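Participant: Take this structure, written in structure tokens, and hold onto it; I'll ask about it next.
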Amino acid sequence: MNVELKNINKHFGKVHANKDITLNIPSGTIQGILGENGAGKSTLMKILSGFIQADSGSQIILDGKSVVMNSPADAIQYGIGMLHQDPLDFPPMKILDNFLLGIPGSFFPNRKEATQDFNLLAKEYGFSLDPENYVDSLTVGERQQLEIMRLLFLGVRVFILDEPTTGISAAQKEKLFTTLKKFPEQAMTVIFVSHKLEDVESLCDRVAVLRAGQLVGTLNPPYQTKKIVEMMFGKEITLGERKPANVGEPVLSFDNISLEDARLRIKNINLEVREHEVIGLAGMEGSGQDLFMRACAGLVRPVGGKIQLKGQDLSGKSYHAFKQVGVNFLPAARLEEGLIPGLSLTDHFILAEQPRGIFIDRIAGQRLAEERIQSFNIRGTPLSPIESLSGGNQQRAELALLQNPLSLILLEHPTRGLDIESVIYIWSKLKERCHHGTSIIFISSDLEEILQYSDRVLVFFSGKVSQPLDANKTSVEELGQLIGGKGWAEIGDTHA
Amino acid sequence: MLKSRFSGLLFQLIALALSFGVVSLILISIDASPSEAFRNMFKGSFGEMRKFAEVLVAFVPLLLVTAGLLVTFSAGLWNIGVEGQVVLGAIATTWVYRYFLESDLPPALIITLAILGGMIGGAIWAAFTGILKVFGGVNEIFGGLGLNFVATALTIYLIFGPWKRPGVASMSGTIPFPDEFSLPLIENLRISPWALGIALIAIIIVFFLLQGTYFGLKLKAVGKNFRAAYLLGIPTWQYSMYSFLICGALAGLAGAMQVAAVYHRLIPSISSGYGYLGLMVAMLINYQAIWAIPVALFFAALNIGSIQLPIVMKLDSSLSGVLQGVLVLFALLVEGARQKFIKKGQNT
Ligand SMILES: Nc1ncnc2c1ncn2[C@@H]1O[C@H](COP(=O)(O)OP(=O)(O)OP(=O)(O)O)[C@@H](O)[C@H]1O
Ligand SMILES: [Mg+2]
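As structure tokens, then:
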């Protein structure tokens, strides 16, 4: 389907999030959308998919016909479907039920027929999903596959994907790309929003760049990364240099720790994390790294072994006890676990400081908020409700909640949804904390990020943990192998 | 900001007009004159000092219950059990009075103890709902509803059992307490300035608790996102419990006022449904403490004003209930419409 956006404008109060955007996307193309955090990408996509309405005067033209969409259901009627940046789903449901959602005339669905359709579709695209399983048991990548199938089944001809590659494994990403590349053959259109230039470069037929709500230009292959970056930020960006840390006193030590959850068992981890050190955790989603991280935070109790923090035995202690010793944990699901929709930025910063006393010091709160907003470069005001920030700015807000000083910072996908410039900036801030003695443990699905910023790397593979690998002596290739379960004999895991 | 608040007020006024419209239609359909009915209701509530005093008598427990509910609503809890908490407050107050019936302590002290007893009684009853919720995983709506039935049954049992009047037990309640056990009333009227003062102080305290204290902010955080609040370091389940205790104490205080200032004894329907009515007020004001006073007063006036109707116009007094219910529905409806309107327009 041919999609034409004409003079799209959108105001949120004083914020002019989309400024007169005109863009023509021919049928059968994969269109990339790039832009720094808060550039207006999600806003534009939400307008096209009926989630929000543009200001009057804006026009959406599908195959030559001007249309008005008042809801996502309208958009689906016209054949436009969207995968959201922060997935909206219904966790405690069966996959089949989720699949059937929103299908017209499905008041009394024929489950048998639906199961057949489901399996057929899954086979066509090579997804292995069991329709009788529950949605909450799926990884982010699998939820994405389910959502794609649902939209396909609804007859969607235009697929919008808002940052679909953060938080999924390399293999899932490959599968996603193979799927998407098939769409143009059937005259379907794909619109792909991302911060990962290499993804856009390898997938998209054309790219549009937004900055501060405006369309600054479009590009065709072959792409020059430097040119794209310049268009996005208005300047050149270079990666900082790696500097090895001078490690100090031990901060966290794991002594024969064993962990367990419903799916996984990790035995006898021994590890010592020292001051100034950054440890990266690599592994496919659900390989045990999230369990490990929650044990470091005191959210999961080990079934055996001893945890020490700054020389204090914290085995079996609560999350609050860990927090007391200076551990902060930032979860990946920012709107579900990290932030509180409905409260303002100021409220968040006040709460994160663990205030004592009775009466709120509003003036100090305001000052604190202004200072954090500035130092983390958040696009928003102290009174902005957290849900009104763009995805990347929510991420920055979450990072700005870290207390000071801290002994250990635990981060799940810390730069998820951040543009390249912000990634570099945020890491420079985190490294500064390390310089003052804090240690960091972080999970990332981006192996480049792990190699670039960690001193040592732990690899997880279905409950096995590798010896800490020196980040200087390993490579993306080696890590990739280990994540996939190959080459473990040569390095040996911790309990070997 | 200001604009959205203003439009909120405007839309609420529309809701008010709509609900009066609907009730008028109902009245017309049964051949009654709406204007006459509303005039009678107005006369019945504000027409003379004595009647206005009655409005205030109803206003006190309603405001106290609303104040309590604002706290549990902030914590994201639907404390339906508030009705039973009012009842338990009344029972506890009665118990303290009975305990000191023969004592030589100064009456002022006994009244104070009885009121405190009522607050504790309500708080304990709320704590049951809280414990069921926090430790038993029972949704507070179901727990509260169950406990409401238990509370009513307990009142009846006490009135017809251990606390029955000498001679025959009756629906008119336990034997009235001596006059000196009553909170001082204004001469010739049934309203106690003390009760009124206590209710007003309670709502002011709740307002500042929610607006200006760390406690209130943390409570809101727990109410809006339990998981994130926990990770931010707020002791979440404790805060849920605190909110139940505070709401229970305020509901218990309402029950205590019913005994100490209004009925001077325990009667079967001691709470008169103020718990449920308070839920409506809290919903109507969209959980903003600042509107509690006018709206509670308005609801109390409707209740009292409609007492006139059966006598003067042969209409049922439940008309006020219809009006209140319709009003809440329209208010919610109109608020939904407003949110849509805001989204469509350019102002957030
Ligand atoms: N509901 C809202 N209310 C107020 N402002 C909003 C709202 N949604 C978005 N904005 C503002 O509009 C601007 C663009 O936001 P948008 O979410 O489109 O950015 P984005 O390009 O998707 O960024 P990111 O890469 O961080 O996800 C931001 O300044 C954001 O704060
Ligand atoms: Mg976005």
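Sequence order for the protein chains is S and X.
All residue numbers for the first sequence refer to our numbering, where the first residue is -19 and numbers rise by one.
All residue numbers for the second sequence refer to our numbering, where the first residue is 20 and numbers rise by one.
In this text, a Cβ means the ideal position worked out from N, Cα and C, and glycines have one as well.
As the structure is a computational prediction, the values presented were derived from the model and not from experiment.
Applying the 10 Å Cβ sphere with the 16-neighbour rule, what's the burial state of Q166/S?
Facilitator: Its Cβ having fewer than 16 others within 10 Å, Q166/S is exposed.
Participant: Assuming S267/S contacts F440/S under a Cβ cut-off of 8 Å, what Cβ separation, rounded to an integer in Å, is found between them?
Facilitator: Indeed, because the Cβ distance is near 4 Å, the residues count as touching under 8 Å.
Participant: Rank Y282/X, Y233/X, Q358/X, G141/X by C-alpha distance to the C-alpha of I330/S and give the top, closest one.
Facilitator: Of Y282/X, Y233/X, Q358/X, G141/X, the residue nearest in Cα terms is Y233/X.
Participant: Between the alpha carbons of T91/X and F263/X, how many angstroms are there, rounded?
Facilitator: If I take the Cα positions, the gap works out to 6 Å.
Participant: Using a Cβ-based criterion (distance less than 7 Å to any ligand heavy atom), does G156/X qualify as near ligand 2?
Facilitator: Every heavy atom of ligand 2 is 7 Å or more from the Cβ of G156/X, so no.
Participant: Please check if any C-beta of chain S sits within less than 8 Å of the C-beta of A221/X.
Facilitator: Not closer than 8 Å to any Cβ of chain S, the Cβ of A221/X fails to qualify, so no.
Participant: Would a C-beta distance cut-off of 8 Å place L346/X and S336/X closer than the cut-off?
Facilitator: In this structure, S336/X does not lie closer than 8 Å to L346/X by Cβ.
Participant: Taking the C-alpha atoms as reference points, what is the distance between F360/X and S51/S?
Facilitator: Approximately 14 Å, taken between the alpha carbons.
Participant: Is K183/X helix, strand or coil by DSSP?
Facilitator: Looking at K183/X - three-state DSSP - the assignment turns out to be coil, as it is neither helix nor strand.
Participant: Any heavy atom of ligand 1 closer than 7 Å to the beta-carbon of V(-5)/S?
Facilitator: Yes.
Participant: Check whether the Cβ of K26/S sits closer than 7 Å to any heavy atom of ligand 3, and report yes or no.
Facilitator: The model depicted lacks ligand 3 and carries ligand 1 and ligand 2 instead.
Participant: In or out: Q292/S buried (at least 16 other Cβ within 10 Å) or exposed?
Facilitator: Looking at its Cβ environment, which holds fewer than 16 other Cβ atoms inside 10 Å, Q292/S is exposed.
Participant: Between the Cα of L382/S and the Cα atoms of L319/S, G337/S, E367/S, which residue gives the shortest distance?
Facilitator: Nearest C-alpha to L382/S: L319/S.
Participant: Counting only C-beta atoms, is N244/X closer than 8 Å to chain S at any point?
Facilitator: At least one chain S Cβ lies under 8 Å of N244/X.
Participant: So which residues on chain X does H300/S lean against when the C-beta distance must stay under 8 Å?
Facilitator: Residues of chain X passing the Cβ test: G252, P254.
Participant: Start and end of the beta strand (DSSP E) containing F139/S?
Facilitator: Counting along the chain, the beta strand (DSSP E) containing F139/S begins and ends at 138 to 142.
Participant: Can you name the start and end residues of the beta strand (DSSP E) that Q307/X belongs to?
Facilitator: From DSSP, Q307/X is part of no beta strand (DSSP E); its letter is neither H nor E.
Participant: With 8 Å set as the bound, which would you pick, yes or no: does the beta-carbon of Y306/X sit closer than that to a beta-carbon of chain S?
Facilitator: No, its Cβ sits nowhere closer than 8 Å to a Cβ of chain S.
Participant: Can you give me the C-alpha to C-alpha distance between A55/S and V47/S, rounded to a whole angstrom?
Facilitator: A55/S and V47/S: Cα-Cα distance of roughly 9 Å.
Participant: Please check the pair G140/X and I178/X, which I expect to be a contact at CB under 8 Å, by giving their CB distance rounded to whole angstroms.
Facilitator: Wrong, their Cβ atoms sit about 16 Å apart, outside the cutoff.
Participant: Classify P385/S as buried or exposed, calling it buried when 16 or more other Cβ atoms lie within 10 Å of its own Cβ.
Facilitator: It counts as exposed.
Participant: Ligand 2 and G371/S: does any heavy atom of the ligand fall closer than 7 Å to the residue's C-beta?
Facilitator: Yes, the Cβ of G371/S comes within 7 Å of a heavy atom of ligand 2.
Participant: Just to confirm my understanding: we take G344/X, look at its own chain, exclude 5 residues before and 5 after, and list those with CB closer than 8 Å. What are they?
Facilitator: Result list for G344/X: M299, in chain order.
Participant: Between E73/X and the rest of its own chain, which residues show a CB-CB distance below 7 Å, the 5 nearest in sequence each way excluded?
Facilitator: Only R209, I323 meet the Cβ criterion.
Participant: Please classify Y282/X: is it buried, with 16 or more other beta-carbons within 10 angstroms of its beta-carbon, or exposed?
Facilitator: Y282/X should be labelled buried.
Participant: Measure the C-alpha to C-alpha separation of G137/X and I224/X and round it to an integer number of angstroms.
Facilitator: Taking the straight line joining both Cα atoms gives about 19 Å.
Participant: Under 6 Å Cβ to Cβ from M49/S, same chain only, skipping five residues before and after it: list those, please.
Facilitator: Excluding residues within five positions, the ones whose Cβ falls inside 6 Å are G30, A55.
Participant: What is the DSSP secondary structure of M20/X, counted as helix, strand or coil?
Facilitator: Residue placement at M20/X is poorly supported in this model, since its pLDDT is 41, which falls under 50; the coordinates still yield a value, given next. Coil.
Participant: On the three-state DSSP scale, how would you describe K409/S?
Facilitator: Helix, per DSSP.
Participant: Apply the 10 Å Cβ neighbour rule to Y118/X and answer buried if 16 or more other Cβ atoms are within range, or exposed otherwise.
Facilitator: Its Cβ having fewer than 16 others within 10 Å, Y118/X is exposed.
Participant: For R284/X, count the other beta carbons within 10 Å of its own beta carbon; 16 or more makes it buried, fewer makes it exposed. Which is it?
Facilitator: By the 10 Å Cβ count, R284/X comes out buried.
Participant: Output yes if chain X places a C-beta closer than 8 Å to the C-beta of G266/S; else output no.
Facilitator: No, because no Cβ of chain X sits closer than 8 Å to the Cβ of G266/S.
Participant: Could you tell me if the beta carbon of K21/S falls within a distance shorter than 7 Å of some heavy atom in ligand 2?
Facilitator: Yes, the Cβ of K21/S comes within 7 Å of a heavy atom of ligand 2.
Participant: Between the segment 264 to 281 of chain S and the segment 197 to 210 of chain S, do three or more beta carbon pairs fall short of 8 Å?
Facilitator: Because the criterion of three Cβ pairs below 8 Å is not met, the segment 264 to 281 of chain S and the segment 197 to 210 of chain S do not touch.
Participant: Please tell me whether G214/S and K(-1)/S are closer than 8 Å, where the distance is taken between their beta carbons.
Facilitator: No, Cβ-Cβ distance for G214/S and K(-1)/S is not below 8 Å.
Participant: With a threshold of 8 Å between beta-carbons, can T232/X be considered close to chain S, or not?
Facilitator: It does: the Cβ of T232/X has a partner Cβ on chain S nearer than 8 Å.
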